[in-house]
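I have placed the structure first, in the form of structure tokens, so that the comments after it can refer back to it.
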Amino acid sequence: MQTVLLGCFALDLLDLSNNNFYGQIFPKYMNLTHLHWLYLDNNHFSGKMDDANIPVQLSHLKGLELIDISETSLCGSMVSSSNLSSVKHLYLQKNAINGLTPNALSRSSKLITLDLRDNKFSGRIPCKISELSNLHVLVLRGNSLQGHIPNELCQLGKLRIMNLSHKILGRSIPLYLVYHGFYIDSVVTNYCNSILDLQPPVKPCVSIYQRVEAEFERKNRYEFFIDSNLKYMAGLDLSGNKLS
């Protein structure tokens, strides 16, 4: 694989998902400056986030906009990485990641989509997420988070969809959350037409749209923020918790 990639100077999208890759797959010196979409999901890149091969390999890819490293058995805490400065869509779901280091997201100001579902996060929702001012989609479902929903999340003025469902929260819902019902069509259509500034080169658009539809098809009504800073919120899923 390393030999093949050495000659791929014009690659814009690279999909290596659903294979048996492990270890070092990218050549040390490569010129993939045009690579924007990278899918490595469902492989065997096991190990801790802070010392695994994956962050080291991706440090050479400065133009990435989408990274999918889901279902790869990564564990440990997310760490800060300079190569995330251009990333807009980050998928790390279905791993064993258990936390964020203090500066883990400090270089990720362009993030639009952050999917951390079905990991091993525990404790409170990290307030650092509120610093992601461009975030449109936040998925934390299926973790073991506890405590209240931090007020800092109301600073996410562009947030459209937030999924905190299944096994994560207790205590009460913050006062800045006000409930209104709406139909599923408005959620999916609004998401597909407004959130993503993606070109349509096959997989990126399809996979992102399908994930959102799967999240919202199971319910008949949904809630959203009516707050001056959260007026663009379109979907909120808090089901399966112990809120009161």
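Just so we're aligned, residue 1 is where the sequence shown starts under UniProt numbering, counting upward by one. From the three backbone atoms N, C-alpha and C, an ideal C-beta is built for every residue, glycine too.
Bridge pairing for Y91: D68, D115 [DSSP]. When C-alpha distances from S77 are compared across L66, S85, A96, L84, the shortest belongs to A96. Counting along the chain, the unbroken beta strand (DSSP E) around N163 starts and ends at 161-163. Counting C-beta atoms within 10 angstroms of its own C-beta, S165 has 16 or more neighbours from the protein chains shown and is therefore classed as buried. In terms of Cβ geometry, L116 and L135 do not form a close pair [threshold 8 Å]. When only Cα atoms are considered, K94 and L64 end up about 21 Å apart. In this structure, the straight-line span from the alpha carbon of R124 to that of D41 is close to 27 Å.
With a beta-carbon spacing of about 7 Å, H36 and L13 fall inside the 8 Å limit used to define contacts. Burial state of K120 is exposed, judged by a 10 Å Cβ sphere holding fewer than 16 other Cβ atoms.
For S77, the enclosing beta strand (DSSP E) starts and ends at 74-78.
In its chain, beyond the 5 residues on either side, K48, A96 have a beta carbon closer than 6 Å to the beta carbon of C75. With fewer than 16 other Cβ atoms from the protein chains shown falling within 10 Å of its own Cβ, C8 counts as exposed.
Secondary-structure assignment with DSSP links S122 through a beta bridge to S144. When rounded, the separation of the alpha-carbon atoms in A104 and A10 is 30 Å. DSSP, reduced to helix, strand and coil, places I97 within a strand of the structure shown. V87 and R107 have their C-alpha atoms spaced approximately 9 Å apart.
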